[in-house]
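Each remark here refers to the structure printed beneath this line.
Protein chains in written order, with my numbering: chain A, 2 to 311; chain B, 15 to 89; chain C, 322 to 718.
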């Protein structure tokens, strides 16, 4: 037992810069908890990555049009969650939309060939995912599942759960901007104030000022942001981002970014992605879900939820 | 008359602060700094009790901060 | 859609509900995210103790010393309630009650009784965006007892940017100085009713202001029984207006607290109180230098001392005047004169842990006629200096 301190662990995961911050007195316990939390993030990344050979997702995708794959409770649970999101978003959130990446080349900033895109669209259809108990089968060959819409956020929650199991009560998990706050600050001088979070403006790279878009406090809960600035290219003055509408195959254009505050990061992430997909209907939908949000429209206008602080 | 002056002062101050067009409409997403302990009005509960009791016995104005406190023998 | 159940807490539906059934998230049981705690029931119990020491000096008088021990507790009860209680025990030494006209007329020693014990209890019930409190306070000195009740309520708008408060207080005091051998006040009474209304408003992300208006109606015995020829009206009605402003300064990560209080009563006293504090955190330390300026006008029945041709206090003339005015309101109590006062203070606190804080506050007070707003206060007032220091410890668990 010694002095209060803040430890910060920076690492890379899911193609994003990540960090764990925690206030505590027992450095030994904090390090052990952090290592286990980082290991958990890596486990989730490996298990649900489309790119890792032998990952659950890879095996399901390779078996598309063929045999059903047996999955474990965790995967089943996430597939149930995906189904729930599909229902609640009127089919806009569809984890089979990952195949569209074969048409879009973000690295080389090339628009898709119309024929390619048309050929892929029939394979984007959650209703063609067959599930019986723990078994899952993609009906058509060439179909793919992609957990990218909530994978990083789920990992943030799981990392927080691991820290909590080590009795860490003052921590902030940050996976590439998806945050989970596990208790307020612990340092004596901060007297129990929550974590101070700065949300960057989606067009930070082109602004004159560097004041954040928002400055909020978070003691418990999740904050996630979806934006058109994470992976995009600009072609002939038009921005094309990685959030694709599953029905048309084209990127959404209505919002620059949507940030959502929820009890956990998984919820916040799913909601922010669905909000991007819902375009102008997003504010009403988020209000109906009872969630607090901050959205920057395509023209720079900033919208905030009406819900109060708790 | 002094109350009128105070009200006018309040209105003038608010108008001056009204350079910010969204006066009074601060969103939860912007309350990071207001949440700090140094920004509350209440402060230390005992600090003011002692001090206000001293002032009440040395000066003729007491009160204005809250109701219900008992009196003391300091006319 | 999130819904509220009967008890006001929220149940999860929609995407949130779906996330909560994920096996891996079972341990994270929160339903709503929590930023800064709003006006909810406290989550922790707080205990604070404080020791205060006061001494003053006024030319020609005994030095008065006061030692006070205070304790405070606040505890949450059953989720939606809290209880607060505090107690104080003061000991005064060096005070001497003045019986003679000469002594009172010189500058009027303020009366502080030998020992005072006081306690109060307040119970608060928290609702969705509101709270209601009831309190009881008792104060006992050897010659003065006060019993008071208070009721107050506060409620906030949906966006939490504005909070309204109303309060009512009623005090019933009994004065009886037979214990100290006096006979000027035997079982006299005074009762006061107070009404307060206020609003606290968040103006900008760095500014919050508060306005309070208090109306107090008092009737009964207001005389100082330790002074000869002291007769005051048997009614005193007061208006008090208070404005406060806390401003956050990003550059210093500090806040500036300003306040102005305007007081006027039917004794004819009007006063202004201006306060300024700078709260500067620095690691585990917090430094709060402060200043206060006070100025009051004289009561309309206050009488200045009379000086003879040599500029000396003329006791005969003062007594003659007092006798002539006998039956009408009159007082030579310095506290009812016109004067100004300045306090300079410094408070330093240190946080051992997020929940344990120690603090020390030193204040230096000077009261003179010359400090009166506008330059000239009542003539013949002796300047008055006082120092007070408080040391305290607060712990939450």
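All residues carry an ideal CB built from backbone N, CA and C; glycine is no exception.
Check each candidate in the options and name the one with the smallest Cα separation from residue i.
| i | options | result |
| --- | --- | --- |
| residue 55 of chain B | C:521, C:573, C:601 and C:639 | C:521 |
| residue 668 of chain C | C:436, C:412, C:590 and C:606 | C:606 |
| residue 491 of chain C | C:698, C:378, C:468 and C:452 | C:468 |
| residue 488 of chain C | C:372, C:456, C:494 and C:567 | C:456 |
| residue 741 of chain C | C:518, C:532 and C:517 | The question about residue 741 of chain C has no answer here: the residues shown for chain C are numbered 322 through 718. |
| residue 367 of chain C | C:389, C:343 and C:395 | C:395 |
| residue 568 of chain C | C:534, C:526, C:649 and C:596 | C:526 |
| residue 716 of chain C | B:59, B:63, B:42 and B:48 | B:59 |
| residue 618 of chain C | C:506, C:657 and C:629 | C:657 |
| residue 349 of chain C | A:67, A:169 and A:110 | A:169 |
| residue 692 of chain C | C:613, C:639 and C:628 | C:613 |
| residue 660 of chain C | C:705, C:466 and C:644 | C:705 |
Rounding to the nearest angstrom, what Cα-Cα distance links residue i and residue j in this structure?
| i | j | result |
| --- | --- | --- |
| residue 462 of chain C | residue 438 of chain C | 7 Å |
| residue 1 of chain A | residue 529 of chain C | Here chain A comprises residues numbered 2 to 311, so residue 1 of chain A is not present and cannot be evaluated. |
| residue 598 of chain C | residue 374 of chain C | 21 Å |
| residue 539 of chain C | residue 72 of chain B | 19 Å |
| residue 95 of chain A | residue 31 of chain A | 38 Å |
| residue 82 of chain A | residue 263 of chain A | 16 Å |
| residue 403 of chain C | residue 194 of chain A | 21 Å |
| residue 587 of chain C | residue 385 of chain C | 30 Å |
| residue 15 of chain A | residue 79 of chain B | 55 Å |
| residue 608 of chain C | residue 57 of chain B | 14 Å |
| residue 270 of chain A | residue 514 of chain C | 55 Å |
| residue 159 of chain A | residue 41 of chain A | 7 Å |
| residue 268 of chain A | residue 5 of chain A | 32 Å |
| residue 433 of chain C | residue 306 of chain A | At residue 433 of chain C, the pLDDT of 46 sits below 50, so the modelled position is not reliable and the matter cannot be decided from this model. |
Excluding the 5 residues preceding and the 5 following residue i in the sequence, name in chain order all residues of the same chain whose CB lies nearer than 8 Å to its CB.
| i | result |
| --- | --- |
| residue 35 of chain A | 8, 10, 21, 23 and 164 |
| residue 281 of chain A | 255 |
| residue 436 of chain C | 410, 411, 412, 413, 462 and 463 |
| residue 91 of chain A | none |
How would you write the range of the alpha helix (DSSP H) that residue i sits in, first residue to last?
| i | result |
| --- | --- |
| residue 277 of chain A | 266-279 |
| residue 59 of chain B | 59-72 |
| residue 166 of chain A | 152-166 |
| residue 638 of chain C | 636-645 |
| residue 553 of chain C | Unbroken run through residue 553 of chain C: none, as it is neither H nor E. |
| residue 60 of chain A | 57-63 |
| residue 115 of chain A | 115-121 |
| residue 402 of chain C | It is not in any alpha helix (DSSP H) - residue 402 of chain C instead sits in the beta strand (DSSP E) that spans 402-414. |
| residue 284 of chain A | 283-289 |
| residue 1 of chain A | The requested residue 1 of chain A is not part of the displayed model; chain A covers only 2 to 311. |
| residue 335 of chain C | 335-341 |
What residue does the beta strand (DSSP E) around residue i start on, and which one ends it?
| i | result |
| --- | --- |
| residue 608 of chain C | 606-617 |
| residue 84 of chain A | Where residue 84 of chain A is concerned, there is no enclosing beta strand (DSSP E), although the alpha helix (DSSP H) it sits in stretches over 74-89. |
| residue 37 of chain A | Where residue 37 of chain A is concerned, there is no enclosing beta strand (DSSP E), although the alpha helix (DSSP H) it sits in stretches over 28-49. |
| residue 222 of chain A | 221-228 |
| residue 258 of chain A | 256-263 |
| residue 538 of chain C | 528-541 |
| residue 583 of chain C | 575-586 |
| residue 234 of chain A | 233-236 |
Among residues of its own chain, excluding the 5 on either side of residue i, which ones have a beta-carbon nearer than 6 Å to its beta-carbon?
| i | result |
| --- | --- |
| residue 76 of chain A | 57 |
| residue 714 of chain C | 370 and 679 |
| residue 471 of chain C | 456 and 490 |
| residue 712 of chain C | 372 and 681 |
| residue 442 of chain C | 406 and 457 |
| residue 423 of chain C | In this prediction, residue 423 of chain C has a pLDDT of 35, which is less than 50 and means its spatial position is unreliable; what the coordinates show is noted afterwards. Excluding positions up to five away in sequence, the list reads 636. |
| residue 610 of chain C | 599 and 667 |
| residue 27 of chain A | none |
Show which residues of chain C have a CB atom less than 8 Å away from the CB atom of residue i.
| i | result |
| --- | --- |
| residue 56 of chain B | In chain order: nothing, as chain C lies at least about 11 Å away. |
| residue 39 of chain B | 480 and 482 |
For residue i, which residues in chain C fall below 9 Å Cβ to Cβ?
| i | result |
| --- | --- |
| residue 158 of chain A | 340, 343, 345, 346 and 349 |
| residue 66 of chain B | Ordered by position in chain C, no residue passes the 9 Å Cβ test against residue 66 of chain B, which lies about 11 Å from the chain. |
In its own chain, which residues sit with a C-beta less than 7 Å from the C-beta of residue i, not counting the 5 before and 5 after it?
| i | result |
| --- | --- |
| residue 61 of chain A | 70, 137, 139 and 146 |
| residue 625 of chain C | 699, 700 and 701 |
| residue 126 of chain A | 97 |
Name the chain A residues whose beta carbon is nearer than 8 Å to that of residue i?
| i | result |
| --- | --- |
| residue 673 of chain C | 189 |
Using a Cβ cut-off of 7 Å, pull out every chain B residue sitting near residue i, in sequence order please.
| i | result |
| --- | --- |
| residue 197 of chain A | 46 |
| residue 526 of chain C | 40, 44, 45, 47 and 48 |
Under 6 Å: does the beta carbon of residue i sit that close to some heavy atom of the ligand COA?
| i | result |
| --- | --- |
| residue 33 of chain A | This structure lacks the ligand COA; in fact it carries no ligand of any kind. |
Against residue i, what residues of chain B qualify as contacts under a CB-to-CB distance less than 9 Å, listed in chain order?
| i | result |
| --- | --- |
| residue 216 of chain A | 43, 44, 45, 46 and 47 |
| residue 689 of chain C | The contacting residues do not exist; residue 689 of chain C stays about 12 Å from chain B at best. |
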